[in-house]
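Here it is, written out as structure tokens:
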């Protein structure tokens with residue numbers, strides 16, 4: 026008990042464990058945040074693609090005949106369709122960017138969790154060695 030080195034090792038292991046736990050908590054929160062951003066981006070991409078799809082379908086269909094009357098449908102211009110296509114492409118790009126960020130955050134969280142496990146094992150092993158050493162000197 027008089028030897029300060031084992032106690033310093035124990036304190037160092039405890040500090041390592043605390044740092045690893047904090048880093049893991051931050052990584053898990055970042056993964057949650059990026060997963061939420063990914064879902065929102067996915068929704069935006071789907072909505073943009075659906076708007077484009079609907080516009081193309083309406084453009085290709087022409088005027089409708091409802092109960093004997095021809096309904097006037099404002100035709101989509103080529104420029105309108107190009108703008109919708111570009112919006113859908115940009116939404117898809119944003120989705121893929123968010124997906125990459127989310128995958129990286131998940132990987133970081135997994136690695137941080139493994140670091141916590143290793144730090145915990147080191148802490149437990151250091152405490153065990155200290156207890157054995159103290160029992161032998163008692």
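Numbering (our numbering), first residue to last: 26 to 163. Ideal Cβ placement from N, Cα and C applies to all residues, glycine included. Note that the coordinates shown come from a computational prediction; the quantities given were computed from them, not determined experimentally.
Contact set for residue i: own chain, Cβ-Cβ below 6 Å, skip 5 residues either direction
i, result
"residue 72", "none"
"residue 130", "55, 56, 59"
"residue 111", "none"
"residue 155", "31, 35"
"residue 74", "113"
"residue 138", "49"
Nearest-angstrom beta carbon gap, residue j and residue i [assumed within contact, 8 Å]
i, j, result
"residue 47", "residue 123", "Residue 47 to residue 123, Cβ: 26 Å. No contact."
"residue 162", "residue 35", "That pair is no contact at about 16 Å."
"residue 119", "residue 66", "5 Å"
Neighbour-count burial assignment, residue i, 16 or more Cβ in a 10 Å radius
i, result
"residue 26", "Residue placement at residue 26 is poorly supported in this model, since its pLDDT is 49, which falls under 50; the coordinates still yield a value, given next. It counts as exposed."
"residue 149", "exposed"
"residue 38", "buried"
"residue 113", "buried"
"residue 116", "buried"
"residue 134", "buried"
"residue 49", "buried"
Residue i and residue j closer than 7 Å at C-beta
i, j, result
"residue 109", "residue 69", "no"
"residue 136", "residue 42", "no"
"residue 140", "residue 45", "yes"
Own chain partners of residue i with C-beta closer than 7 Å, once the 5 adjacent residues on each side are dropped
i, result
"residue 158", "31"
"residue 86", "none"
Cβ neighbours of residue i in the same chain (closer than 8 Å, five flanking residues each side left out)
i, result
"residue 80", "101, 105, 106, 109"
"residue 3", "Within the shown structure, residues of the chain are numbered from 26 to 163, placing residue 3 beyond reach of any answer."
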